[in-house]
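Protein chains in written order, with this note's numbering: chain A, 47 to 382; chain B, 48 to 215. Virtual Cβ for every residue (Gly too), placed ideally from N, Cα, C. Keep in mind it's a predicted model, so treat the numbers as computed, not measured. Taking it in order: structure first as structure tokens, then the write-up.
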Amino acid sequence: MTEVKISLVGYGVVGHGVVEVLERKRQLMREIGLDLTLVSVTDHTGTYLAPDGVVAKDILDHRTLEGVANSDMAAREVFGSIDCDLVVEVTPTNIVHGQPGLGHMVDALSMGKHVVTSNKGPLVVDYRRLKDLARKNDVALKFEATVGGTMPLISLIERTLVGNTILGIRGIFNGTCNYILTRMVEEKYPYNHALTEAQELGYAEADPSYDVEGVDTAGKVAILANSIFDMDVKYGDVEVTGITGITPEALILAHKRGYAVKLIGEVPALTVKPMLVPLGSPLAVGSTLNAAAIYTDLSGTITVTGLGAGRIETASAILSDIVSIYRGNHVDILRS
Amino acid sequence: MRLSMDLEMQDKPGQLLMALEPLREQKGNIISVLHHRDKKTPRGTIPVRVILEMDRSRLEAVKEQLQANGIIVVRAGEDRFLEEITVLLVGHVLDRDLGDTVHQIDSTGFAEVVDLSLSMPGIDEPSSAYLRIRATGKDEIQKAMSILRQVGVQKDLLVIEPIEADEP
Chain A
47 MTEVKISLVG
57 YGVVGHGVVE
67 VLERKRQLMR
77 EIGLDLTLVS
87 VTDHTGTYLA
97 PDGVVAKDIL
107 DHRTLEGVAN
117 SDMAAREVFG
127 SIDCDLVVEV
137 TPTNIVHGQP
147 GLGHMVDALS
157 MGKHVVTSNK
167 GPLVVDYRRL
177 KDLARKNDVA
187 LKFEATVGGT
197 MPLISLIERT
207 LVGNTILGIR
217 GIFNGTCNYI
227 LTRMVEEKYP
237 YNHALTEAQE
247 LGYAEADPSY
257 DVEGVDTAGK
267 VAILANSIFD
277 MDVKYGDVEV
287 TGITGITPEA
297 LILAHKRGYA
307 VKLIGEVPAL
317 TVKPMLVPLG
327 SPLAVGSTLN
337 AAAIYTDLSG
347 TITVTGLGAG
357 RIETASAILS
367 DIVSIYRGNH
377 VDILRS
Chain B
48 MRLSMDLEMQ
58 DKPGQLLMAL
68 EPLREQKGNI
78 ISVLHHRDKK
88 TPRGTIPVRV
98 ILEMDRSRLE
108 AVKEQLQANG
118 IIVVRAGEDR
128 FLEEITVLLV
138 GHVLDRDLGD
148 TVHQIDSTGF
158 AEVVDLSLSM
168 PGIDEPSSAY
178 LRIRATGKDE
188 IQKAMSILRQ
198 VGVQKDLLVI
208 EPIEADEP
């Protein structure tokens, strides 16, 4: 049995999902030889320490740790003072300066902790530095949850498609935009109406510009470019057009001719723009779904689709990253 | 000589026969008939592409007979335009001189706008145009697209390109 002590930083929607999933899957993990114990949770109000393991019901009903925190240590102090092997970083994304996640990741990696994250900001702002830090300290940096949520993309390419040369990736990486575009065709809603509906259903933020202007998708494109294509790009290197200029009439005109309009991010082209997708294409998914087509030299085109966001779905991608670290990344167990 | 024709016909029984009859009369040897029921035009007509071996001198007679039979002849002649692309333009498409936008493609000599539908929800509101462009080859399609992208920037139009045109 491999024992893994986990510190969680960030206790928002995804953080709650991680606490819940770690408890729900504890037994299953033990059956595959992993004893995962959540030993601390930190947010902007304080830290909840539980050396023997967090009991989910003790904190899950609290929106923040205010009131349940039993320590005022910040994340960095937690990593330095308690025994933990792996840090799950799920603080809110900032695509401009990457903080506070960037600081947390630098600290954790420098102290020799593995890092698993759903936070795009630090990876967009300073991917190279983080990757180098991980290599130098011989630990892993995993971020499947940053692109396409629960939809397997990075691990699919790194593991299952290993041996293929990846020629390009095109995909729908923002469920909010996809929902709005889908509703504009289905209900002939103008853009603003579809956006309001998405906000009422909780699919879009009060300030939706991050999603609808293509910023979020551009961040994911930058992460894929850096991680899969070994490029060194930032958000500003991506050419971005959002969906705010699209009208229901345009969508209906396209639909009559057999096309859907989707906000497509593409690497290594580094573009985000609305494109015509044939209705029969596996990329033409509706509602809040994400989809990605991976163009390879040996396997042809492979398309995956799945939920791009959600509390439990994102936590599931994080759990799968945790497991992958302990399964090992190298082909070092082949015997002659 | 091998020729191709793009026809459009009404969606009612017997139309295909009306289209093929003139070809038989002019001793055309039909190589293929592609009947695109699934690609109905906004006019409600069904596009059909016919490829045949026939003496070119008979082409005018065939066209006249087809038209007399109520068949629309979109294009007839040598198969010059081999590649096709569809594009959506969104914005003040009409106000920003749609004629000029089309002319910029047509005047290249290697590409041509072969179909155009417009949607205009109201004055002052952005309109949309669906364009089908044919060109002599893949490179020429890309050249036509870069012209359209420039036009989009100049006229502040959103140019929505098809995903299958330029696969990685």
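Interface partners of residue i on chain A, CB under 8 Å
i              : result
residue 104(B) : Ordered by position in chain A, no residue passes the 8 Å Cβ test against residue 104(B), which lies about 36 Å from the chain.
residue 138(B) : 291
Proximal residues of chain A, C-beta to C-beta of residue i below 9 Å
i              : result
residue 121(B) : Ordered by position in chain A, no residue passes the 9 Å Cβ test against residue 121(B), which lies about 16 Å from the chain.
residue 218(B) : Chain B is shown from 48 up to 215; residue 218(B) falls before or after that span and cannot be answered.
residue 86(B)  : 303 and 304
residue 164(B) : 299, 302 and 303
residue 94(B)  : Correct list: empty, because the minimum Cβ distance to chain A is about 12 Å.
Cut-off 6 Å between Cβ atoms - residues of its own chain near residue i, not counting five sequence neighbours on either side
i              : result
residue 348(A) : 340
residue 189(A) : 163 and 169
residue 264(A) : 281, 284, 286 and 318
residue 382(A) : Unreliable positioning characterises residue 382(A) in this predicted model, as indicated by a pLDDT of 38, which lies under 50. A coordinate reading is not provided.
residue 179(B) : 133, 161 and 162
residue 100(B) : 49 and 76
residue 378(A) : Residue placement at residue 378(A) cannot be trusted, given a pLDDT of 45 that sits under 50; what the coordinates show is reported in the next sentence. Contacts found: none.
residue 109(B) : 69 and 73
residue 326(A) : none
residue 216(A) : 310, 312 and 339
residue 89(B)  : 164
Chain-order list of residues whose beta-carbon lies under 8 Å from that of residue i (same chain, five-residue window excluded)
i              : result
residue 211(A) : 342, 343 and 344
residue 367(A) : 162, 188, 189, 190, 191 and 201
residue 106(B) : 50, 123 and 124
Under 8 Å from the C-beta of residue i: neighbouring residues of chain B
i              : result
residue 307(A) : 135 and 207
residue 321(A) : 207, 208, 209 and 210
residue 270(A) : Result: empty, since nearest Cβ-Cβ is about 12 Å, beyond 8 Å.
residue 329(A) : 210
Terminal residues of the alpha helix (DSSP H) in which residue i lies
i              : result
residue 173(A) : 166–182
residue 298(A) : 294–302
residue 370(A) : 357–373
residue 113(B) : 106–115
residue 229(A) : 221–232
residue 49(A)  : Residue 49(A) -> not in any alpha helix (DSSP H); beta strand (DSSP E) instead, spanning 48–55.
residue 308(A) : No alpha helix (DSSP H) contains residue 308(A), which is instead part of the beta strand (DSSP E) from 305–313.
residue 105(A) : 102–105
residue 147(B) : 145–153
Whole-angstrom C-beta distance between residue j and residue i, which should lie under 8 Å
i              : j              : result
residue 299(A) : residue 164(B) : 6 Å
residue 256(A) : residue 50(A)  : 33 Å between Cβ atoms; not a contact.
residue 278(A) : residue 174(A) : 6 Å
residue 321(A) : residue 210(B) : 5 Å
residue 65(A)  : residue 100(A) : 6 Å
residue 66(B)  : residue 118(B) : 5 Å
residue 158(A) : residue 185(A) : 6 Å
residue 54(A)  : residue 84(A)  : 6 Å
residue 214(A) : residue 173(B) : Not quite, the Cβ-Cβ distance comes to about 31 Å (not below 8 Å), so this is no contact.
residue 390(A) : residue 69(A)  : Here chain A comprises residues numbered 47 to 382, so residue 390(A) is not present and cannot be evaluated.
Nearest neighbour of residue i, chosen from the options [CA to CA]
i              : options                           : result
residue 358(A) : 67(A), 159(A) and 293(A)          : 67(A)
residue 194(A) : 293(A), 269(A), 52(A) and 54(A)   : 269(A)
residue 74(B)  : 85(B), 173(B) and 103(B)          : 103(B)
residue 143(B) : 176(B), 118(B) and 117(B)         : 176(B)
residue 324(A) : 115(A), 312(A) and 306(A)         : 306(A)
residue 167(B) : 215(B), 83(B), 202(B) and 140(B)  : 140(B)
residue 48(A)  : 105(A), 127(A), 102(A) and 132(A) : 132(A)
residue 189(B) : 207(B), 212(B), 57(B) and 56(B)   : 212(B)
residue 232(A) : 295(A), 171(A) and 267(A)         : 295(A)
residue 292(A) : 223(A), 353(A) and 266(A)         : 223(A)
residue 115(B) : 62(B), 94(B) and 79(B)            : 62(B)
Boundaries of the beta strand (DSSP E) in which residue i is found, first to last residue
i              : result
residue 154(A) : Where residue 154(A) is concerned, there is no enclosing beta strand (DSSP E), although the alpha helix (DSSP H) it sits in stretches over 147–156.
residue 177(B) : 174–182
residue 193(B) : Counting along the chain, residue 193(B) falls outside any beta strand (DSSP E), though it belongs to the alpha helix (DSSP H) covering 185–202.
residue 76(B)  : 76–82
residue 319(A) : 317–324
residue 208(A) : Segment: none, residue 208(A) is in no beta strand (DSSP E) and carries neither H nor E.
residue 353(A) : 347–353
7 Å CB neighbourhood of residue i in its chain, flanking five on each side removed
i              : result
residue 362(A) : 67 and 196
residue 179(A) : 152, 155 and 156
residue 57(A)  : 87, 89, 110 and 111
residue 117(A) : 92, 93 and 95
residue 182(B) : 128, 130, 157, 158, 188 and 191
residue 140(A) : 167
Beta-carbon neighbours of residue i, restricted to chain B and to distances below 7 Å
i              : result
residue 213(A) : 215
residue 341(A) : 214 and 215
Beta-carbon neighbours of residue i, restricted to chain A and to distances below 7 Å
i              : result
residue 175(B) : 293, 295, 296 and 299
residue 89(B)  : 302
Residue i: contacting residues in chain B (beta-carbon distance under 9 Å)
i              : result
residue 310(A) : 210
residue 229(A) : The contacting residues do not exist; residue 229(A) stays about 17 Å from chain B at best.
Test: residue i CB closer than 8 Å to a CB of chain E
i              : result
residue 168(B) : Checking the listed chains, one finds no chain E in this structure; the protein chains it contains are A and B.
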